[in-house]
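*Asks:* Pasting a structure below so you can have a look.
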Amino acid sequence: MAEHPPIADEPVELPVVGSEVEFAGRVWDVRRDTVEYRGAHLVRDYVDHPGAVAVLALDDDDRVLLIQQYRHPVRSRDWEIPAGLLDVDGEHALAAAQRELAEEADLAASEWSVLVDYRTTPGGSNEAIRIFLARGLTPTAVPHPREDEEADMAIRWIPLDECVDAVLARRVQNPSLVVSVLAAHAARARGWSTLAPADADWPTHPKLRPAAS
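For the sequence shown, the residue numbers in full-length UniProt numbering are 1 to 213.
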């Protein structure tokens with residue numbers, strides 16, 4: 001049986017012959033691109049997203065920090081991990097993750113690693129999310145004020161194994177929570193050998209991909 005190289009997504013830069021914003025939103029836009037593909041022109045609409053970061057905060061007892069807040073599109077109060085948009089010009093993903101952990105959970109961390117990267121909806125959005133693992137947790141000096149959906153956020157510490165059970169029982173379905181707890185469970189079983197440095201490159205983010213030569 002022939003051996004194959006490890007599977008990996010393959011970046012492709014097709015010629016874009018037209019691109020326009022069909023809808024300009026408050027946070028993200030809907031863009032229409034016309035691309036050349038196999039001798040034809042394809043027209044694709046997608047959500048043009050700045051990207052985001054999320055934080056799986058794990059304490060010394062292997063408990064995960066979860067927050068619960070209202071998400072209007074799905075009419076649900078979802079259990080999630082702290083997360084936020086990459087919407088500050090020039091801000092590094094790690095700095096954004098540190099900011100979000102402080103703003104949403106009043107926590108700082110002394111140990112940061114990249115846990116996993118993923119893209120939420122490749123068929124309809126260019127949104128890319130990097131999930132960090134944060135350990136060595138301490139409270140911030142000053143609690144952060146919260147408003148709108150964050151004003152009544154619930155916060156709970158749940159053992160990692162119980163989080164995995166909740167995912168597999170389909171009781172929680174926020175994608176960053178699902179991806180992060182399954183990745184952390186697998187990474188822990190491998191002695192955390194799969195973690196990457198907190199400042200690792202992120203070439204799968206569409207806006208951070210190296211320019212084609």
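Note that CB positions come from ideal geometry on N, CA and C, so glycine has one too.
By DSSP's criteria, residue 40 is part of a beta bridge. Which residues make up the other side?
*Replies:* Per DSSP, 37.
*Asks:* For the 8 Å Cβ check, are there 3 or more pairs between the segment 159 to 176 and the segment 86 to 103?
*Replies:* At 8 Å Cβ cutoff, the stretches do not touch.
*Asks:* Report the residue from 36, 35, 19 whose alpha carbon sits nearest the alpha carbon of residue 29.
*Replies:* Among 36, 35, 19, the Cα nearest to that of residue 29 belongs to 19.
*Asks:* Going by DSSP, what residues sit across from residue 84 in a beta bridge?
*Replies:* DSSP output for residue 84 lists 53 as bridge partner(s).
*Asks:* In the DSSP assignment, the beta strand (DSSP E) including residue 159 goes from what residue to what residue?
*Replies:* Note, residue 159: beta strand (DSSP E), 154 to 159.
*Asks:* For the candidate residues 26, 41, 131, whose alpha-carbon lies nearest to that of residue 82?
*Replies:* Considering only alpha carbons, the answer is 131.
*Asks:* Going by C-alpha distance, which of 49, 46, 13, 50 is nearest residue 37?
*Replies:* Looking at the Cα atoms, 13 is the closest of the given residues.
*Asks:* Compute the Euclidean distance between the alpha carbons of residue 57 and residue 42, then round it to the nearest angstrom.
*Replies:* Spanning the two alpha carbons is a distance of roughly 42 Å.
*Asks:* What residue does the alpha helix (DSSP H) around residue 188 start on, and which one ends it?
*Replies:* Note, residue 188: alpha helix (DSSP H), 175 to 189.
*Asks:* With burial defined as no fewer than 16 other Cβ atoms inside 10 Å of the residue's Cβ, what is the status of residue 27: buried or exposed?
*Replies:* Exposed, since its Cβ has fewer than 16 Cβ neighbours within 10 Å.
*Asks:* Could you pull out every residue in the same chain whose Cβ sits closer than 7 Å to the Cβ of residue 220, ignoring the five residues on either side in sequence?
*Replies:* Past the boundaries of the shown model lies residue 220; the chain is included only from 1 to 213, so the question cannot be answered.
*Asks:* Select from 185, 61, 92 the residue whose C-alpha is nearest the C-alpha of residue 137.
*Replies:* The option with the nearest alpha carbon to residue 137 is 61.
*Asks:* Thinking C-alpha only, which one of 79, 166, 180 is nearest residue 152?
*Replies:* When each option's Cα is compared against that of residue 152, the closest is 79.
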